[in-house]
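Peer 1:
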Amino acid sequence: MADIVLINPRFEISFWGMEHALPFAGKRANLPVACLPLLAALTPREHTVTLIDENVEPIDWERCRRADIVGITGMSVQRFRMKEILAELKDRGCFCVVGGPWVTVSEDYFGDLADVIFVGEAEETWPRFLDQWRQGLHQVRYEQAEKTDMTRVPTPRFDLLKMKHYAFGSLQFSRGCPFQCEFCDIIVTFGRRPRIKTKEQVIAELEAVRKSGPHIVFIVDDNLIGNKKAIKELLREMIKWQKQRNYPLTLFTEASIDLADDPELLALMVEANFIAAFIGIESPDEESLRGAKKYQNLRSGGTLLDKVHRIQEAGLEVWCGMIMGFDQDDLGIFDRQIQFIQEGRIAFSMSGMLSAIPKTPLHARLAADGRLDLADTCEYGTNVVPLLMTREELRDGYVRVLDALYQPEAYFERTDALFLDPSFEIGIKKLCRWSSSPRWLPLEIMLFFQAVGLFIRLMTRVADRRLRIEYRRRLWRLLKVHRRPGLVLFYLFHMAMHFHAHQLAKRVASQEAMLINSY
Ligand code: B12
Ligand code: SF4
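Everything in the sequence shown is counted per the numbering used here, starting at 35 for the first residue and increasing by one.
1) State the start and end residues of the unbroken alpha helix (DSSP H) segment that holds Leu268.
2) Residue range of the beta strand (DSSP E) that Thr284 falls in?
3) Less than 7 Å between C-beta atoms, sequence neighbours within five positions excluded: which residues of the same chain meet that for Ala401?
4) Can you grab the Cα-Cα spacing for the pair Leu323 / Cys354, in whole Å?
5) Using CA atoms only, rank isn't needed, just tell me which of Ile38, Leu388, Arg62 and Phe58 is closest to Thr82.
6) In angstroms, rounded to a whole number, what distance separates the CA positions of Ile103 and Pro420?
7) Confirm the yes/no value for this check: CB of Ile220, any heavy atom of the ligand SAM, distance under 7 Å.
8) Counting only the same chain and skipping the five closest in sequence on each side, list residues whose C-beta sits under 6 Å from that of Ala242.
9) Below 8 Å on the Cβ atoms is my guess for Arg229 versus Met184; work out the distance and round it to an integer in Å.
10) In the DSSP assignment, what are the bridge partners of Met109?
11) Output the distance between the C-alpha atoms of Glu377 and Tyr525, rounded to the nearest integer angstrom.
12) What do you get for Tyr329, buried or exposed, if any count of 16 or more other CB atoms within 10 angstroms of its CB means buried?
13) Let's test the definition: count the other Cβ atoms within 10 Å of the Cβ of Tyr553 and tell me whether it reaches 16, buried, or not, exposed.
14) Tell me, to the nearest whole angstrom, how far the beta carbon of Met116 is from that of Gly108; I am working on the premise that it is less than 8 Å.
15) Can you give me the C-alpha to C-alpha distance between Ile367 and Thr232, rounded to a whole angstrom?
16) Leu85 and Leu40 look like a contact to me (Cβ under 8 Å); what is the Cβ gap, rounded to whole Å?
17) What runs of the beta strand (DSSP E), each 3 residues or longer, lie entirely inside the stretch 91-162?
18) If you draw a straight line from the C-alpha of His54 to the C-alpha of Gly520, how long is it?
19) For Glu413, does the three-state DSSP call read helix, strand or coil?
20) Would Phe207 and Leu268 be called neighbours here (beta carbons separated by less than 8 Å)?
21) Could you pull out every residue in the same chain whose Cβ sits closer than 6 Å to the Cβ of Ile291, ignoring the five residues on either side in sequence?
22) If you drop the 5 nearest sequence neighbours on each side, which residues of the same chain put their C-beta closer than 8 Å to that of Leu406?
23) Taking only the alpha-carbon atoms, compute the straight-line gap between Ala289 and Gly260 and give it to the nearest angstrom.
24) Could you spell out where the alpha helix (DSSP H) holding Ser48 opens and where it closes?
25) Return the CA-CA distance between Tyr281 and Ile151, expressed in angstroms with no decimal places.
26) When DSSP labels each residue in this structure, what does Met69 get in the three-state scheme?
27) Which runs of the alpha helix (DSSP H) at least 4 residues long sit entirely within the stretch 375-434? Give them in chain order.
28) Just curious, the alpha helix (DSSP H) that Met184 is in, first and last residue?
29) In the DSSP assignment, what residue or residues form a beta bridge with Gly203?
30) Relative to the alpha-carbon of Pro297, which residue among Ile345, Ile460 and Leu285 has its alpha-carbon at the smallest distance?
31) For Thr82, does the three-state DSSP call read helix, strand or coil?
32) Given that a residue counts as buried once 16 or more other Cβ atoms are within 10 Å of its Cβ, and exposed if not, what is Gln578?
33) Which of the three DSSP states, helix, strand or coil, is assigned to Glu216?
34) Where DSSP assigns a beta bridge to Val352, which residues make up the other side?
35) Gln362 to Ala409, Cα distance in whole Å?
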């Protein structure tokens, strides 16, 4: 039997890290990384597992020293901290194994600090490794020959997480995405054939996550709608589950823009109480999208803006990922990006410079062209050397876009264009008027108190007086149109997120820290 500790290292500050917004909600982290409770569930019962998420608690080094195996996960932004942790663990003589998105694409990165690495999915390799470790026969590198059969993935051990510290829960229904964006490592790691859990698994996970506490859950799929037919069937089951329990969970996820072309799918998502979808729009320029092989964003059925508006009108807020620095991007791209996001009424845009993730087709092409910066910490914030502008121009343009997007006037102009529309509603509330149904009352009363609490914290903790005045003014305008407590709370969450993005943009502009890129 092995005593195992699994660690998720502290994140560097990033857009979705929400670091400057979370304290307003009394939370320490956005959501737990999905792999830790899953690896715990994949661990045979004879072993013991302890999960440590450094984003919510300090690492207990003495506890790690006593463990037989310490496992570490992490993505690109965590790689420096992963190295530090591994070095500390090695000093204490720990046996260290590493898996997750970063080591998957950068296998040699940790060198001798890692005794064993896991490349890609680990549903089969993790139990196999434990078995071989017990016999003293383990290898130094594991990679599954076949992709994981998602219909056999167990329910994650949410009970091992300190859920009260997280703003949201996380669940995964499928892996893989059918598209072929040149910069994407997701399809390199998880493949282009979407693999989906069964409805029984999904319902069991919904139950398990509900019991663990959170009311808002992020479905962390690469692209929830990669297999539309299958996901529609799942959504129907989820709707039944939600209805029977009076909608205990509010959901958001990641999806591709072709969601806008399928009214039935949109309606099912809204009825299942999805309130927002993060969409990789990347660029308003067709040439850049074509160059990046993001063909799904070029399909007929209206302009990208039409599609964004259609999704919003159905009852989902659109959040987006945008990229600057494609080979087709000239110096006009920065203003076109700002204009698109404003016209799209998209509050949250994770705008970043194009980055070439190892193992992607983009990385191979740029390496062949001699257009890759090979430094680990790139002076210009990205390893890509752009084609139609200098590296300084790309960096300065990116900083300018971030600054422009998160100036209070611009941010609230686009947020209010959506929220002040009297017909704007999200999720199940789009389909069912809240005031006419007493079954929503207890929930809305709770949300009312949460909204009051959040507003008080914003007013007492935001140091900048001009921001506080702006927030008050904006809230007042909203209340003239919408008074449902849940929607007001959602708007206040946008204020907290504005504060986060505004702080982040300021840090990037002042270069007080390493230039932070979103990718
Ligand atoms: C959901 C998601 C998010 C969510 C939740 C993140 C979180 N904190 O968990 C949000 C939207 C918040 C997010 C944010 C970011 N994300 Co993100 N995210 C994802 C996504 C779509 C799914 C991740 C997931 O939960 N998968 C499900 C779990 C079960 O899979 P898994 O972690 O890969 O684990 C499996 C294996 O890898 C393995 N494994 C993993 N760890 C370990 C450890 C050991 C010891 C072992 C044995 C095995 C093992 O076992 C698991 C089972 O097979 C991935 C894409 C992807 N599919 O990987 C991007 C991805 C991980 N994100 C990425 C990035 C860059 C970010 C941001 C930095 C973007 C930004 N600038 O804001 C931020 C980080 C902010 C933060 N503080 O969280 C990149 C990372 C690139 C890389 N290769 O390192 C990815 C790959 C997407 C991409 N290409 O852009 N993200
Ligand atoms: S749509 Fe998203 S997940 Fe799919 S290939 Fe493109 S970037 Fe990757």
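For every residue, glycine included, the Cβ atom is placed at its ideal position computed from N, Cα and C. Computed from a predicted model, the values in this text were never measured in an experiment.
Peer 2: Well, looking at it:
1) Here residue 268 is taken as the residue at index 234 of the sequence shown, counted from 1. Secondary structure note for Leu268: its alpha helix (DSSP H) is the uninterrupted segment Lys262 to Gln278.
2) Position 250 of the sequence shown, counting from 1, holds the residue named residue 284. Boundaries of the beta strand (DSSP E) harbouring Thr284: Thr284 to Ala289, taken from the DSSP string.
3) One-based indexing of the sequence shown puts residue 401 at position 367. Closer than 7 Å at Cβ, skipping near neighbours: no residue.
4) Taking the first residue of the sequence shown as 1, we reach residue 323 at position 289. Taking the first residue of the sequence shown as 1, we reach residue 354 at position 320. Rounded to the nearest whole angstrom, the C-alpha separation of Leu323 and Cys354 is 15 Å.
5) Mapped onto the sequence shown, residue 82 falls at position 48. Nearest to Thr82 by C-alpha distance, out of Ile38, Leu388, Arg62 and Phe58, is Ile38.
6) As a working note, residue 103 is residue 69 in the sequence shown. As a working note, residue 420 is residue 386 in the sequence shown. Computed Cα separation, rounded: 43 Å.
7) The ligand SAM is not part of this structure, which contains only the ligand B12 and the ligand SF4.
8) Position 208 of the sequence shown holds residue 242. Contacts found: Thr189 and Phe192.
9) Reading the sequence shown from its first residue, position 195 is the one you call residue 229. Reading the sequence shown from its first residue, position 150 is the one you call residue 184. Arg229 to Met184, Cβ: 4 Å. Contact.
10) By 1-based counting over the sequence shown, the position of residue 109 is 75. According to DSSP, Met109 bridges with nothing at all.
11) The residue given as residue 377 occupies position 343 in the sequence shown. The residue given as residue 525 occupies position 491 in the sequence shown. Computed Cα separation, rounded: 19 Å.
12) In the sequence shown, the residue the question calls residue 329 occupies position 295. With fewer than 16 other beta carbons inside 10 angstroms of its own, Tyr329 counts as exposed.
13) On the sequence shown, residue 553 is found 519 positions in, with the first residue counted as 1. Its pLDDT being 44, under 50, Tyr553 is placed unreliably in this model, and the value from its coordinates should be taken loosely. Answer is buried; the Cβ neighbour count reaches 16.
14) In the sequence shown, counting from the first residue as 1, residue 116 sits at position 82. In the sequence shown, counting from the first residue as 1, residue 108 sits at position 74. The distance from the Cβ of Met116 to that of Gly108 is about 4 Å, consistent with a contact at the 8 Å cut-off.
15) In the sequence shown, the residue the question calls residue 367 occupies position 333. In the sequence shown, the residue the question calls residue 232 occupies position 198. Between Ile367 and Thr232, the C-alpha separation is close to 43 Å.
16) Stepping through the sequence shown from its first residue, residue 85 is reached at position 51. Stepping through the sequence shown from its first residue, residue 40 is reached at position 6. Indeed they touch by this definition, with Cβ atoms about 5 Å apart.
17) Unbroken beta strand (DSSP E) runs of no fewer than 3 residues, entirely contained in the stretch 91-162, are found at 103-106, 130-132 and 150-153, following chain order.
18) By 1-based counting over the sequence shown, the position of residue 54 is 20. By 1-based counting over the sequence shown, the position of residue 520 is 486. Those two C-alpha atoms are separated by around 22 Å.
19) As a position in the sequence shown, residue 413 is number 379, starting the count at 1. DSSP places Glu413 outside both helix and strand once states are collapsed to three, so it counts as coil.
20) As a first step, residue 207 must be located in the sequence shown, where it is residue number 173. As a first step, residue 268 must be located in the sequence shown, where it is residue number 234. If you check the CB distance, Phe207 and Leu268 come in under 8 Å.
21) As a working note, residue 291 is residue 257 in the sequence shown. Taken in chain order, the residues that qualify are Ile313, Asn331 and Lys341.
22) What you label residue 406 is simply residue 372 of the sequence shown in a count that begins at 1. By the criterion of a C-beta distance shorter than 8 Å, Leu406 is surrounded in its chain by Ala390, His397, Leu400, Asn417, Val418 and Val419, once the five residues flanking it on both sides are discounted.
23) Numbered from 1 along the sequence shown, position 255 holds the residue referred to as residue 289. Numbered from 1 along the sequence shown, position 226 holds the residue referred to as residue 260. Taking the CA atoms as reference points, Ala289 sits about 8 Å from Gly260.
24) Within the sequence shown, numbered from 1, the residue matching residue 48 stands at position 14. Run containing Ser48: none; DSSP gives neither H nor E here.
25) For this step, residue 281 is matched to residue 247 along the sequence shown. For this step, residue 151 is matched to residue 117 along the sequence shown. About 41 Å.
26) Here residue 69 refers to the residue found at position 35 of the sequence shown. Position check: residue 69 holds Cys in this sequence, whereas Met was assumed. Helix, per DSSP.
27) You should have 395-402.
28) Taking the first residue of the sequence shown as position 1, residue 184 is located at position 150. Per DSSP, Met184 lies in no alpha helix (DSSP H) and is assigned neither H nor E.
29) Counting from one through the sequence shown, the residue named residue 203 turns up at place 169. Val251.
30) On the sequence shown, position 263 is the one that residue 297 refers to. Distances from the alpha-carbon of Pro297 to those of Ile345, Ile460 and Leu285 put Ile345 closest.
31) Counting from one through the sequence shown, the residue named residue 82 turns up at place 48. Taken through DSSP and simplified to helix, strand or coil, Thr82 comes out as strand.
32) Nothing about residue 578 can be reported from this structure: the residues present for the chain run from 35 to 553 only.
33) What you label residue 216 is simply residue 182 of the sequence shown in a count that begins at 1. Three-state DSSP puts Glu216 in coil, outside helix and strand.
34) Numbered from its first residue, the sequence shown carries residue 352 at position 318. Answer by DSSP bridge pairing, in chain order: Ala311.
35) Residue 362 sits at position 328 when you count from the first residue of the sequence shown. Residue 409 sits at position 375 when you count from the first residue of the sequence shown. Distance between the alpha carbons of Gln362 and Ala409: 24 Å.
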